[in-house]
Amino acid sequence: MITVLISGLGLIGSSIARVIHRQNPANEMIGVDPDDDSSQFMLQQHIINRIDTFNHAAQKADVIILAGPVSVIISQIKELANIKLKPNVLITDTGSTKASVMKAAQSLIKKGVGFLGGHPMAGSHLTGSRSGSLKLLTHSTYFLVNGSQTQRQLDQFKALMKPAKINWTLIGAKDHDQLVSELSHVPHVVATTLVNAAVAQLQDNPTGLSAAAGGFKDTTRIAAADPTMWTAIMLNNADAIDEGIEAFKTQLTKLQTAIHNQDEQTILRTFQQAQAIRESLDK
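The numbers in the sequence shown follow my numbering, run straight up by one, and end at 295.
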């Protein structure tokens with residue numbers, strides 16, 4: 013039996029807690045979250061064993077999982093650098109940007125603490141511990157960034173997550189941030205901007221967004237995600253996101269020009285290419 017601290021019991025943190033609980037219900041699970049409702053729900057569901065303060069729980073844990081927003085993760089890493097931890101503790105995170113997290117983790121690495129960067133590629137527009145599930149992480153890609161973890165610590169963490177049948181993928185921090193910028197961060201910018209633009213365009217229309225059908229709702233679903241978390245992501249991966257937005261603007265301008273010029277062939281090729289690529293993702 014080991015003691016696992018999960019700080020942040022939102023969608024991802026609560027899902028990880030469910031996976032670890034499934035792997036071995038005998039493990040002691042400690043939860044920390046600023047939202048008492050999330051903590052109490054996990055406690056009532058018997059997924060975590062107790063609620064504690066971050067500093068006190070960190071001293072008792074064999075594995076510490078930081079699952080809050082990136083800004084909180086970085087702040088907690090700084091706190092952990094000044095806490096007396098167990099000699100062989102493993103600290104890992106779930107932040108969707110890695111360069112800033114790994115930079116902050118140097119304070120732990122220099123002290124010989126085992127740190128492993130992590131990011132599960134799973135999510136939803138839903139939030140909170142009630143929205144978490146074992147299914148959310150099942151067969152998901154889980155990026156790992158090497159830090160100072162030992163092979164034993166890495167094997168231990170993978171064993172804890174075994175019920176989810178994770179697709180573990182090793183990647184560098186910079187490459188990770190570039191990749192998720194294109195696959196996750198810029199799409200969120202696009203969805204958010206589309207919602208706000210539609211509201212502005214339709215403000216004088218009495219029907220407005222009430223007529224929104226499946227296409228608009230599917231395209232903008234992720235815009236309903238947690239604004240605090242996404243603000244932290246934008247600030248922590250600004251360069252890669254800025255580059256991705258510029259690339260998107262270039263493609264959008266090309267299509268806009270084709271539409272303006274009634275260039276049927278260019279419009280058709282653009283939609284055909286996107287259709288083929290999108291269909292391949294479901295195979």
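Glycine residues also receive a C-beta, built at the ideal position from the N, C-alpha and C atoms.
Taking the runs of the beta strand (DSSP E) that are 3 residues or longer, which of them lie wholly in the stretch 97 to 175? 102 to 105, 126 to 132, 153 to 157
If we count the other Cβ atoms within 10 Å of its Cβ and call it buried at 16 or more, is Q165 buried or exposed? Position 153 of the sequence shown, counted from the start, is the residue given in the question as residue 165. So Q165 ends up on the buried side.
Local conformation of I63 per DSSP, three classes: For the purposes of this step, residue 63 is taken as the residue at position 51 of the sequence shown. Three-state DSSP puts I63 in a strand.
Please state the DSSP three-state secondary structure of M41. Walking along the sequence shown from the start, residue 41 turns up at place 29. Three-state result, M41: strand.
Beta-carbon within less than 8 angstroms of G126's beta-carbon, same chain only, minus the 5 sequence neighbours each way: which residues are those? Position 114 of the sequence shown, counted from the first residue, corresponds to residue 126. The residues are N100, V101, L102, I103, G159, S160, Q161, T162, Q165.
Check whether the stretch 170 to 179 touches the stretch 80 to 93, counting contact only when three or more Cβ pairs, one atom from each stretch, lie closer than 8 angstroms. no
Counting C-beta neighbours from all protein chains within 10 Å, is the total for M13 16 or more, i.e. buried, or is it exposed? As a working mapping, residue 13 is identified with position 1 in the sequence shown. M13 comes out exposed.
Would you kindly report the start and end of the unbroken beta strand (DSSP E) that includes N302? Residue 302 lies beyond the stretch modelled for the chain, which goes from 13 to 295, so this question has no answer here.
Provide the residue span of the alpha helix (DSSP H) that contains T205, from first to last. Taking the first residue of the sequence shown as position 1, residue 205 is located at position 193. Run containing T205: 198 to 213, per the alpha helix (DSSP H) assignment.
Alpha carbon of L293 to alpha carbon of H137, nearest angstrom: Within the sequence shown, residue 293 is the residue found at index 281, counting from 1. Within the sequence shown, residue 137 is the residue found at index 125, counting from 1. Answer to the nearest angstrom: the Cα atoms are 20 angstroms apart.
Starting from I257, trace the alpha helix (DSSP H) both ways and give me its first and last residue. One-based indexing of the sequence shown puts residue 257 at position 245. Taken as a continuous stretch (DSSP letters only), the alpha helix (DSSP H) holding I257 covers 250 to 272.
Reference P46; option with closest CA among S27, N67, A237, L21: If you number the sequence shown from 1, residue 46 lands on position 34. Cα-wise, what sits closest to P46 is L21.
Whose C-beta lies closer than 8 angstroms to the C-beta of R30 among residues of the same chain, with five residues either side of it excluded? Along the sequence shown, one-based indexing puts residue 30 at 18. So the list reads I59, G144, S145, L146, once near-sequence residues are dropped.
Using the rule of at least 16 other Cβ atoms within 10 Å of the residue's Cβ for burial, across every protein chain shown, is D189 buried or exposed? On the sequence shown, residue 189 is found 177 positions in, with the first residue counted as 1. Buried: at least 16 other Cβ atoms inside 10 Å.
Assuming the contact rule is C-beta atoms closer than 8 angstroms, V157 and K110 should be a hit. Round their C-beta distance to whole Å, please. Along the sequence shown, read from residue 1 onward, the residue named residue 157 stands at position 145. Along the sequence shown, read from residue 1 onward, the residue named residue 110 stands at position 98. Right, the Cβ-Cβ distance comes to about 5 angstroms (below 8 angstroms), so this counts as a contact.
CB A116 to CB K90, shorter than 8 angstroms? In the sequence shown, residue 116 corresponds to position 104, counting from 1. In the sequence shown, residue 90 corresponds to position 78, counting from 1. Yes; because the gap between Cβ atoms is below 8 angstroms, this pair is in contact.
When you compare the CB positions of I178 and S196, do they come within less than 8 angstroms of one another, or not? Residue numbering aside, residue 178 sits at position 166 when the sequence shown is read from its first letter. Residue numbering aside, residue 196 sits at position 184 when the sequence shown is read from its first letter. Not in contact: I178 and S196 (Cβ atoms no closer than 8 angstroms).
Under 8 angstroms by Cβ, that's how I've got Q35 and F66 pegged, so tell me the actual separation to the nearest angstrom. The count along the sequence shown starts at 1 and reaches residue 35 at position 23. The count along the sequence shown starts at 1 and reaches residue 66 at position 54. Rounded, the Cβ-Cβ distance is 23 angstroms, inconsistent with contact.
When the Cα of V211 is compared with those of T232, E40, S193, which residue comes out closest? Position 199 of the sequence shown, counting from 1, holds the residue named residue 211. That would be T232, whose Cα lies nearest to the Cα of V211.
Roughly how many angstroms lie between the CA atoms of A286 and Q263, to the nearest whole one? Taking the first residue of the sequence shown as 1, we reach residue 286 at position 274. Taking the first residue of the sequence shown as 1, we reach residue 263 at position 251. Their Cα atoms are separated by approximately 12 angstroms.
Using alpha carbons as the reference points, say which of A235, N249, P218 lies closest to T204. On the sequence shown, position 192 is the one that residue 204 refers to. The candidate whose alpha carbon is nearest that of T204 is A235.
Would S27 pass as a contact of G140 if the rule is Cβ separation under 8 angstroms? Reading the sequence shown from its first residue, position 15 is the one you call residue 27. Reading the sequence shown from its first residue, position 128 is the one you call residue 140. Going by C-beta atoms, S27 is not nearer than 8 angstroms to G140.
L23, DSSP secondary structure in three states: Position 11 of the sequence shown holds residue 23. Helix at L23.
DSSP three-state call for I95: helix, strand or coil? Start at 1 with the first residue of the sequence shown, and residue 95 comes out as number 83. Coil, per DSSP.
Output the distance between the C-alpha atoms of A270 and L206, rounded to the nearest integer angstrom. Within the sequence shown, residue 270 is the residue found at index 258, counting from 1. Within the sequence shown, residue 206 is the residue found at index 194, counting from 1. Taking the straight line from one Cα to the other gives about 20 angstroms.
If you reduce the DSSP assignment to three classes, tell me which class I76 lands in. Working through the sequence shown from its first residue, we reach residue 76 at position 64. If DSSP states are grouped into helix, strand and coil, I76 belongs with the strands.
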